[in-house]
Each structure stands twice: as structure tokens, then as C-alpha cells.
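*Asks:*
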Amino acid sequence: MAKQSNLSPREIPLFGLIGLLIIVVAVVLNVLGLGGNIPFLLESLVALAGLCILGMLFAYWKTGHARVMAQQAMIKGEKDQEGILRLMDELGSLADGDLTVEASVTEDVTGSIADSINYAVDALRELVVTIDQTATQVNRAAQQTQVTANKLSEVSASQNDHVIQANDAISSITESIRKVSNNAEISSNVAQQSVQIADKGGKAVRRTIEGMASIRETIQETSKRIKRLGESSQEIGNIVGLINDIAEQTNILALNASIQASMAGEAGRGFAVVADEVQRLAERATDATRQIETLVKTIQTDTNEAVASMEESTANVVGGAKLAENAGEALDEIQSVSKQISELITGISSASQSQAVEATNVIKTMEVLRKYSTQTAGGASVTSTNVSKLADLANELRESVEGFTLPEQNS
15 MAKQSNLSPR EIPLFGLIGL LIIVVAVVLN VLGLGGNIPF LLESLVALAG LCILGMLFAY
75 WKTGHARVMA QQAMIKGEKD QEGILRLMDE LGSLADGDLT VEASVTEDVT GSIADSINYA
135 VDALRELVVT IDQTATQVNR AAQQTQVTAN KLSEVSASQN DHVIQANDAI SSITESIRKV
195 SNNAEISSNV AQQSVQIADK GGKAVRRTIE GMASIRETIQ ETSKRIKRLG ESSQEIGNIV
255 GLINDIAEQT NILALNASIQ ASMAGEAGRG FAVVADEVQR LAERATDATR QIETLVKTIQ
315 TDTNEAVASM EESTANVVGG AKLAENAGEA LDEIQSVSKQ ISELITGISS ASQSQAVEAT
375 NVIKTMEVLR KYSTQTAGGA SVTSTNVSKL ADLANELRES VEGFTLPEQN S
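Our numbering puts the first residue of the sequence shown at 15, with every later residue one more than the last.
1. Classify V331 as helix, strand or coil using the three-state DSSP reduction.
2. Measure the alpha-carbon distance for Q349 versus A218 and round it to whole angstroms.
3. For the candidate residues T360, E116, V143, whose alpha-carbon lies nearest to that of S130?
4. Compare the Cα-Cα distances from T312 to each of L243, S228, E199, A391 and report the closest residue.
5. Taking the C-alpha atoms as reference points, what is the distance between M380 and N181?
6. Going by DSSP in three states, F114 sits in which element: helix, strand or coil?
7. So is Q305 buried or exposed if we call it buried at 16+ other beta carbons inside 10 Å?
8. Determine the direct distance from the alpha carbon of R221 to that of I200, and round the result to whole angstroms.
9. Let me make sure I understand the geometry here. Which of I127, L141, T159 has the alpha-carbon closest to that of A405?
10. Look at the alpha carbon of S327 and the alpha carbon of I233, and state the distance between them as a whole number of angstroms.
11. Just to confirm my understanding: we take S402, look at its own chain, exclude 5 residues before and 5 after, and list those with CB closer than 8 Å. What are they?
12. Starting from the C-beta of A289, find all residues in its chain whose C-beta is less than 7 Å away, skip the five residues before and the five after it, and write them out in chain order.
13. For a test of the three-state rule: what should DSSP assign to A408, helix, strand or coil?
14. Since T427 and A296 should fall inside the 8 Å C-beta cutoff, what is the C-beta to C-beta distance between them, to a whole number of angstroms?
15. Look at I191 and S366 and say whether their C-beta atoms are less than 8 Å apart.
16. Could you check if M277 is buried or exposed, using at least 16 other CB atoms within 10 Å of its CB as the buried criterion?
17. With a 10 Å radius around its C-beta and 16 neighbouring C-beta atoms as the bar for buried, classify L166 as buried or exposed.
18. Using three-state DSSP, classify V119 as helix, strand or coil.
19. Should the region 385–392 be called in touch with the region 172–180, which here means at least 3 C-beta pairs below 8 Å?
20. Distance, Cα to Cα, A370 vs K193?
21. Going straight from the alpha carbon of E189 to that of N197, what length do you get?
22. Contact between the region 201–216 and the region 343–357: three or more CB pairs below 8 Å?
23. With 16 other CB atoms within 10 Å as the buried threshold, where does I240 fall?
24. Can you grab the Cα-Cα spacing for the pair A322 / K238, in whole Å?
25. Report the CB separation of V382 from I184 in whole angstroms; it is logged as a contact under 8 Å.
26. Kindly list the residues whose CB is nearer than 6 Å to the CB of G334, restricted to its own chain and excluding five residues on each side of it in sequence; keep chain order.
27. M262: which of T374, S126, V292, E413 sits nearest, CA to CA?
28. Any heavy atom of the ligand GTP within a distance shorter than 7 Å of the CB on E249?
29. Less than 8 Å between the CB atoms is what I'm expecting for T397 and A163, so what's the real figure, rounded?
30. Are the beta-carbon atoms of A338 and I223 separated by less than 8 Å?
31. If you draw a straight line from the alpha carbon of S195 to that of K214, how long is it in whole angstroms?
32. Using the C-alpha atoms, what's the distance from I257 back to E307?
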């Protein structure tokens, strides 16, 4: 930047002389009569002379004003220098970290500087306090986080062990489920065979019931015939009894005829022979009727026994048919239950297979969980190391602000 030129006191009157000279020239020209021909020149000379005079007057004013301003500036510079020295003395301990200092705020040029410095010191004091408190909190949080990370690492390791144990247990359960599934499948086949056998047994029982019903009808028909035979033998017995009565009467008549013939003498001899023959025939008829009567009684006894036996057989057949029906119903129930058991066992087999698949999926999930647990343990270890470093950094941060002196420490 160029320096501003100042006129010396010797150069100032030149402006006045030049102005007077210009005025004299203008007057001479006017007196000689030349001004009328060149009025513009006269006006210009007059204006130039006025400017020279004004320049002289301005130079005189400026020279006096500059002298006053220089004196005021010198006085103000001395005051500012004193204020700056005083401010430097007050802030001398600030360089040593003493944040309790406070600069005096005056009305001179250092007042605004002192106010700004006080504001900066207050902000720095708050910053140091905040850094100290934050470092303390970070250190405390880092210690707690380190403890938590260590516990997390221990828990993750323990969880990993439990996951391995659970994985082994689930593997055993899966093997057991597979065995149950195989046994259930075998049981299902056995149950299906039982259903088939029960079905065959039911058909056989139904055929037995039909056969026993046919036997019962046959026995009942035979019983009826035997009863009719008994009734016929009873009629035969009655006829034999009648014949026996006739034979006895014939015998009596023959005996009477024989007596009468013997009483008749020689004349009744032939009649006596006939009477004897009739008597012998009557006796033979009596013997025959007795034998027939014995046979008829035997037939009647056998018939009665046969009827009783047939009735007992009929009752037994009826009872057997009832038992067969009960057996058929039982076989039907067995067949129904066997079907239900077969369906249940099939469901158990299917469920066991599904459980085996789910258990396999659980094993895979547990394996993934074990990997995550291992990663978590590793991450917790790394976190513990990083948190330990963070605690060291917090301690270093606290140590870095311990050199500052705060008002709380002086009180």
C-alpha cells in the first residue's frame, strides 16, 4: 500500500501564490481588453485561482488536524500498551493451566479482548470439567462393560458346552425316535395281520354259527321224529297190552274148554286137543306180547333218553351258537380295535418319522447355535480387549486434563 503524501508547511503558501498570480493574470487580461475575446479562459483562470486558494486553506486545516490526531493517537497507543501489558500479567498463569484466572474488563481497547478471553476460559473450564467427568464415566462404563463382556464370554462358553450336551442328548433322542418309528412300523404290520386274522376268525365264527344253526334245526327235527317214534311205541304198547289181554282171556277160555272137554270124556277128546293148542298159542302170544312189551318199554326208555339227550344237545347247540355269536362279536370288536390300533400305530410311526426329521433339524439348529455361541465368545473376548483399551484411553484423557486448575480444586 502506497504511503499517503503529506504537504510540508513550506509547500502550502505556494498554492496561495499560484492562485494570486492567476488572479493577476486574469485582471491584466481584462484590463487590456483581451478578456472579452476569450471569456472561457478568464473563467477558467478564476476557477483555477479559487481552487488554488481553497487548496491552500485545506492544506492549512489538514496540517493542524493531523497534528492533533497524531497527539491523540500517541496518547491512545500508550494507554493501549499499558492495558495490553496489564492483560498479559493477568493471563500469565493461564499458560500454566490455571483456569481460575479472570481478566479485568475495562473500557479501553483491551476490554473486549479481556471479555472474549474470559468467555473462552469459561468455555475451556466447562470443556475440561466435561472431559474429566466424561472420562470418569467412560472409565466406569468400560470397567462395567469389561465385566459384562467377561461374563458374556463365560456364559457363551458355558452355553456352548450346554449346546454340545443338548446336541448329544437330541442325537440320542433322535436314535430312540427312529427305533420307536421302526418298532411302530413293525407293530403296524402285526396289527394289520391281527386285523386280517380277526377278519378270518370272524368269518369262521359266522360260518360256525350258521353250521350250529343248521345242526340245531337238524336236532330239533330229529327230536320231533324221536318223539313221534315214542308216541308210536306207546301206541304199540297199548296194542300189545290189548293183545296180552286177549291172550289171557283166550288162555282162560282154552282152560275152560279143556276142562269141559275132559268132563265130556271120549267125545270131548278132540276138542281138548284143540283147546290145548289154543292154550299153548295163547301162552306163546302172552310170552310174545311180554317180550314185545319189554322191547316197547326199552324203546320208550331209549326214546325218552334220546329225546332228553336231543333236548340237551339242542340247548348246548343254542348255547354254543350264543357263545359263537359272542365270539363273533368279540372278534368284530377285536377287528375294530385292531384297526384302530393299526391306525394309531401308523400315526405313531408317521409322527415318529416327523419327529425324527424335526430332531434332525433341531440338531442342525443347535449346531448353528453352537457356532454362534463360539462367535459370541470370541466377540466378547475382543470386546473385553477393546473395552480395556478404551479404559486406558479414558485414563490417558483424564491424565491429560489433570494439569488444569479448576475453581472447585482451589475452593
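We treat Cβ as the ideally placed atom computed from N, Cα and C, and that holds for glycine.
*Replies:* Short version:
1. In the structure shown, V331 sits in a helix (DSSP, three-state: H, G or I).
2. 14 Å
3. E116
4. L243
5. 6 Å
6. Looking at the sequence itself, residue 114 is Thr, so the reference to Phe does not match. In the structure shown, T114 sits in coil (DSSP, three-state: anything other than H, G, I, E or B).
7. exposed
8. Rounded to whole angstroms, the gap between the alpha carbons of I200 and R221 is 31 Å.
9. T159
10. 8 Å
11. So the qualifying residues of the chain are A156, Q160.
12. A268, A271, S272, A275
13. helix
14. In the structure as shown, the chain starts at 15 and stops at 425, and residue 427 therefore has no counterpart that could be examined.
15. yes
16. exposed
17. buried
18. coil
19. yes
20. Taking the straight line from one Cα to the other gives about 10 Å.
21. 12 Å
22. yes
23. buried
24. 11 Å
25. About 13 Å separates the Cβ atoms of V382 and I184, ruling out a contact at the 8 Å cut-off.
26. M226
27. Sequence check: residue 262 is Glu here, not Met. Of T374, S126, V292, E413, the residue nearest in Cα terms is V292.
28. Looking at this structure, you won't find the ligand GTP or any other ligand, since it has none at all.
29. 4 Å
30. yes
31. 28 Å
32. 10 Å
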